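S.K.:
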Amino acid sequence: MKGIKFERVWNGVLGMTGDSKEAVGVMGEHRNIYYALGYNGHGINLAFLFGDVVATLYRGKVHPWFDHADESLPIWLPPEPAKSVGIKSTLMLYKKQDEAYLEKE
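Numbered according to the numbering used here, the sequence shown spans residues 1079 to 1183.
What follows is the structure, encoded as structure tokens:
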């Protein structure tokens, strides 16, 4: 890809849920709202899995993922304001990396 100039670059800015847990399921009065949220930086992997989970739910069956969905690894995040400082610093680093990459062209 040498010599190809990219107008925009994405390198990992991501959204996190408050509790770092994903959510997938079906809801609503008529059980017709299917959702998959909270990928927390694992979008590609979870998109494949959650697509399968939602398709299984749509067929009216229970997906085996729900047998283990609540078994999450303990993740420690520092309290505020340290968490915000760390996240903002990381995002600033990503921005600088993007700028440096785009300046090379």
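Each residue gets a CB set at the ideal place from its N, CA and C atoms; glycine is no exception.
Please read all numbers here as calculations on a predicted model, not as lab measurements.
Can you give the Cα-Cα distance for A1133 and M1094, rounded to whole angstroms?
M.R.: Indexing the sequence shown from 1 puts residue 1133 at position 55. Indexing the sequence shown from 1 puts residue 1094 at position 16. If I take the Cα positions, the gap works out to 24 Å.
S.K.: With burial defined as no fewer than 16 other Cβ atoms inside 10 Å of the residue's Cβ, what is the status of L1169: buried or exposed?
M.R.: Residue 1169 sits at position 91 when you count from the first residue of the sequence shown. Residue burial is scored here from C-beta neighbours: L1169 has fewer than 16 other C-beta atoms within 10 angstroms and is therefore classed as exposed.
S.K.: Determine the DSSP secondary structure at E1117, reduced to helix, strand or coil.
M.R.: For this step, residue 1117 is matched to residue 39 along the sequence shown. For clarity, residue 1117 is Tyr in the given sequence; the question names Glu instead. Y1117 falls in the coil class under three-state DSSP.
S.K.: For the beta strand (DSSP E) containing G1096, name the first residue and the last one.
M.R.: Position 18 of the sequence shown holds residue 1096. It is not in any beta strand (DSSP E) - G1096 carries neither H nor E in the DSSP assignment.
S.K.: Helix, strand or coil for I1165, going by three-state DSSP, please let me know.
M.R.: Position 87 of the sequence shown, counted from the first residue, corresponds to residue 1165. It is helical.
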